[in-house]
Amino acid sequence: MQAFLADCTRSVLEGDADLAVKLALEALDRKYPPLEVIENGFVKGIREVGRLWEEGTLFLPELVMGAEAMKRAMNVLQPALGKGARPESAGHVVIGTIEGDIHDIGKTLVATMLSANGFEISDLGADVPAARFVDEAEAKGAGCIAISALLTTTMSGQKRVVEELAKRSLKGKVRVMVGGAPCSDEWAREIGADGYAGDAVAAVTLAQSLMGGR
Ligand code: B12
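Quick note, the working numbering runs 414 ahead of the 1-based positions in the sequence shown.
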């Protein structure tokens with residue numbers, strides 16, 4: 415299993431989307447736990463790509479190729495995350511990546527895990543204006559808005575969502591959770607959000623506690 419996970423990591427590092435898809439299919443075939451393959455295989459690869467890019471060892475085209483390999487593998491593995499009996503709805507969550515930010519891999523993983531745990535999801539995608547989150551929450555009667563931000567330059571948009579809720583007298587009624595690399599518990603407190611989670615599993619626990627679910 416360790417060697418297999420290392421191959422998954424390598425496929426993303428090398429930006430080899432065909433290999434990533436082949437390994438993802440093989441993981442399903444071998445009945446490996448999909449979340450472990452994602453987190454300890456492919457995600458490790460994309461984080462390493464980011465680190466190498468930051469230190470100047472990799473260039474943007476390689477970052478894009480790594481992300482493409484990661485996304486293609488996720489497309490294969492995600493349906494397996496949601497398998498099993500669907501419990502009754504644990505609540506409705508509106509999720510998206512904030513305006514100006516096109517990073518959607520982590521957001522999509524959080525959405526998939528929430529859905530697999532019984533939450534109804536409105537996934538607005540990436541580059542979503544603050545007001546759009548609130549419009550959708552109002553339209554669907556959602557109990558929670560989950561906002562992803564991967565850039566220090568876009569995370570302030572999460573604050574705008576909280577402000578928009580306050581403007582419409584919905585603050586406290588619709589809970590807000592934030593996540594993404596530059597976010598933290600402290601940031602969530604600072605902007606008046608209800609919570610922060612660092613990964614998709616923690617996001618499920620947080621949503622359950624915010625929405626009084628199981
Ligand atoms: C892949 C990637 C890209 C891809 C994105 C593809 C896509 N469709 O998503 C591409 C190549 C397009 C890209 C572009 C850019 N990127 Co980029 N990218 C990354 C990289 C390497 C990985 C992100 C990722 O997918 N991680 C894997 C997922 C699974 O992890 P995650 O996103 O952290 O999500 C997990 C948790 O954070 C949490 N979570 C996430 N969202 C949420 C939401 C909620 C509510 C909760 C509770 C939890 C939660 O759960 C997730 C699952 O466990 C990061 C490096 C890094 N370490 O994050 C840089 C990084 C985010 N990028 C960076 C930059 C600068 C850019 C560009 C500006 C580059 C450029 N010059 O053009 C552009 C931005 C374009 C834009 N306007 O958005 C910087 C940001 C620096 C900063 N301080 O702001 C980083 C940190 C790289 C670096 N080290 O410098 N990027």
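Ideal Cβ positions, reconstructed from N, Cα and C, are used throughout, including at glycine.
- Bounds of the beta strand (DSSP E) holding residue 534 are 533-537.
- Taking 7 Å as the cut-off, the C-beta of residue 485 counts as close to a heavy atom of ligand 1.
- Here DSSP, grouped into helix, strand and coil, assigns residue 589 to strand.
- In this structure, the C-beta of residue 596 approaches ligand 1 to less than 7 Å from one of its heavy atoms.
- Pairing residue 625 with residue 504, the inter-Cα distance amounts to about 8 Å.
- Assignment of beta-bridge partners to residue 460 by DSSP yields no partner.
- Judged by the Cβ position, residue 571 fails to qualify as a neighbour of ligand 1 at the 7 Å threshold, every heavy atom of the ligand being at least this far.
- Residue 583 sits exposed, since fewer than 16 C-beta atoms from the chains shown fall within 10 Å of its C-beta.
- DSSP places residue 580 in the uninterrupted alpha helix (DSSP H) bounded by 570-581.
- With a cut-off of 7 Å, the C-beta of residue 592 is classified as near ligand 1, since at least one heavy atom of the ligand falls inside that distance.
- Rounded to the nearest whole angstrom, the C-alpha separation of residue 462 and residue 433 is 17 Å.
- Cβ-Cβ separation between residue 538 and residue 509: approximately 7 Å, consistent with a contact (criterion under 8 Å).
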